[in-house]
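Numbering (our numbering), first residue to last: 783 to 1015. Note that the Cβ used here is the ideal one computed from N, Cα and C, for glycine as well. Take a look at the structure below.
Below is the structure:
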C-alpha cells in the first residue's frame, strides 16, 4: 500500500445513503452514490444533475480509502482518475463524470472515495467550499465475502472483518437474556473495510450476562453470541 506524505492525507465526514437511489445535495442530484466495479470493468459513470436556478462549479477527485485504528483515512492516489476533474453545470443541466481505475484487478477488494466539491462561483467572495460529498467506490468480484469476527475486550465490543470484501453495518444492538434490547452507539450505516477493525463501548450493566449480538448488514441479519458477555469490570 502506498502512503502519501502526511500533508496529503485528509479525514472527511462520510455522507451515507442507500446505494440504490440517487442522493440529493442541495440542488444537486447524484447517481449512483456507490460505484461498484467488477474485476473485468475499469470505469464507471457518475451523473450529477443541477436542479437549481444557478450554475454550479464542481470539482471531482479520487482518494484511496483505508481504515486505521477505527478511523477512515483518505489518501491521494493516481490509481483512479475522474474526467472532467472540474466542470460547470448550468441550471437544469447535467454532467457525466467518467471514473477510471488504471490498475489491474487483484485478489481482494480495493476501496476508494470519490470527493465531489462545490466550488465558490466566480462572483463569490467566499473562500471556503460550499459542500463536500463523498461517494464510496469499490472494485472486486462477486465471489468475495465479508467475514465479521466479533469479540469483547474489557468494556468494548470489537468487530474485525477477516474477509476480502467490505462489510456495511446497518444496525447493531445487544439483546439481553430477558429480551431487552440495548442499542449500541453506532453511526449507521457503518463501513468496515476488508482487514480492518472497529470498536464500540459496551453499556455497564449486569444485564449483559448471557446477552446476544443482533443486527444487520447490507447482505444479511445476524443473531450471535460473540463471547459469553459479562458486565464490564
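- Task: Pick out the complete beta strand (DSSP E) segments inside the segment 931-971, 3 residues or longer, and give them in chain order.
- Result: 938-943, 949-957 and 963-965
Name the one or two DSSP bridge partners that residue 984 has.
-> Paired residues: none, contrary to the question.
### contact_flag[the segment 937-948, the segment 886-903] where n(CB pairs < 8 Å) is 3 or more
yes
- Message: So for residue 1016, helix, strand or coil by DSSP?
- Response: Because the chain is modelled from 783 through 1015, residue 1016 falls outside the range shown and cannot be assessed.
Mind checking who residue 997 pairs with in its DSSP beta bridge?
-> 954 and 1004
*asked:* As an exercise, report each continuous beta strand (DSSP E) stretch of at least 3 residues that is fully enclosed by the segment 880-905, in chain order.
replied: 892-901
When the distance is taken between beta carbons, is residue 861 closer than 9 Å to residue 883? yes
Tell me the rounded alpha-carbon separation between residue 813 and residue 838.
17 Å
TODO: Taking residue 953 as the reference, give the member of 985, 856 and 963 with the closest Cα.
DONE: 963
| For residue 939, which residues of its own chain have a beta-carbon under 6 Å away from its beta-carbon, when the five flanking residues on both sides are left out? | 982 and 984
Open item on the list: Mapping the DSSP letters down to three states, classify residue 846 as helix, strand or coil.
Closed with: Three-state result, residue 846: strand.
Residue(s) in a DSSP beta bridge with residue 874 = The partner list for residue 874 (beta bridge, DSSP) is empty, contrary to what the question assumes.
| field | The beta strand (DSSP E) enclosing residue 975, as first and last residue numbers | value | Where residue 975 is concerned, there is no enclosing beta strand (DSSP E), given that its DSSP letter is neither H nor E.
Can you find the residues in the same chain that come closer than 6 Å, C-beta to C-beta, to residue 864, ignoring five residues on each side of it along the sequence?
842, 844, 879 and 881
Where does residue 823 sit, in a helix, a strand or coil, going by DSSP? coil
request  = With distances taken Cα to Cα, identify the nearest neighbour of residue 1005 among 975, 958 and 972.
outcome  = The option with the nearest alpha carbon to residue 1005 is 958.
Subject >> Candidates 977, 834 and 971, of which the one nearest residue 810 by Cα >> reply: 834
* To do: May I have the straight-line CA-CA distance separating residue 871 from residue 855, to the nearest angstrom?
  => 30 Å
request  = Report yes if the CB atom of residue 916 is closer than 9 Å to the CB atom of residue 897, and no otherwise.
outcome  = yes
Practice problem: Identify whether residue 815 lies in helix, strand or coil by the three-state DSSP scheme. | Solution: Under the three-state reduction of DSSP, residue 815 is assigned to coil, being neither helix nor strand.
_Inter-residue Cα distance where the pair is residue 921 and residue 992_ = 39 Å
| query | What span of residues does the beta strand (DSSP E) with residue 918 cover, start to end? | reply | 913-921
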